[in-house]
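See structure below.
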Amino acid sequence: MRKDVLKKFRETLLGMKGQLLEDIPDRLKHEVESSKDEGRDTYDLASDERDREINMILNDRERTKLMAIEDALLRLGEGSYGICDECGEDIGVGRLKVMPFTRLCVRCQEELEKESRMTKNFDDDRTFRRLTTTDTEEESY
Ligand SMILES: [Zn+2]
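Be aware that the sequence shown starts at 391, since it is given in my numbering, and climbs by one per residue.
Structure (structure tokens):
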């Protein structure tokens with residue numbers, strides 16, 4: 391993939407991450423205020439403890455998404471971005487545009503969904519999955 395295309399995806403991912411973390415300071419502030427009553431100084435928290443707090447504040451879906459974004463950023467750095475985890479083929483740029491943090495190409499994603507529909511409870515991450523499949527038309531053959 392071309393460098394400027396990769397750069398674009400990096401910006402998109404960082405933007406998504408920023409959006410996801412946007413209202414965390416508000417939620418954290420609330421935490422700080424409520425813990426002040428117990429006489430603790432939350433501002434002195436080590437950063438890994440703050441990370442843990444952020445993790446506690448995010449719901450499961452947000453956390454999953456954040457992890458996927460972090461992971462995509464990592465792969466961007468490693469140069470393995472845009473390659474399907476499952477089959478090693480390139481994930482189409484069109485698909486990445488819609489879902490920049492995907493690890494799977496359309497074909498493998500569909501396979502995975504077929505499987506999980508049969509085995510896993512579908513309800514839990516229905517919203518997330520809907521988000522991950524919005525682009526399937528775009529690359530259909
Ligand atoms: Zn694949």
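Glycine included, every Cβ here is placed at the ideal spot set by N, Cα and C. Note that the coordinates shown come from a computational prediction; the quantities given were computed from them, not determined experimentally.
When the Cα atoms are used, what is the spatial distance from residue 616 to residue 498?
In this structure the chain extends from 391 to 531, so residue 616 is not present and cannot be described.
Are residue 480 and residue 493 close, meaning C-beta to C-beta below 8 Å?
For residue 480 and residue 493, no; Cβs fall outside 8 Å.
Using DSSP's beta-bridge definition, name the partner residues of residue 578.
As displayed, the chain neither begins before 391 nor continues past 531, which places residue 578 out of reach and without an answer.
Are residue 486 and residue 403 close, meaning C-beta to C-beta below 8 Å?
Inclusion of residue 486 and residue 403 in the CB contact set at 8 Å is not warranted, their separation being larger than that value.
Can you find the residues in the same chain that come closer than 7 Å, C-beta to C-beta, to residue 444, ignoring five residues on each side of it along the sequence?
The residues are 414.
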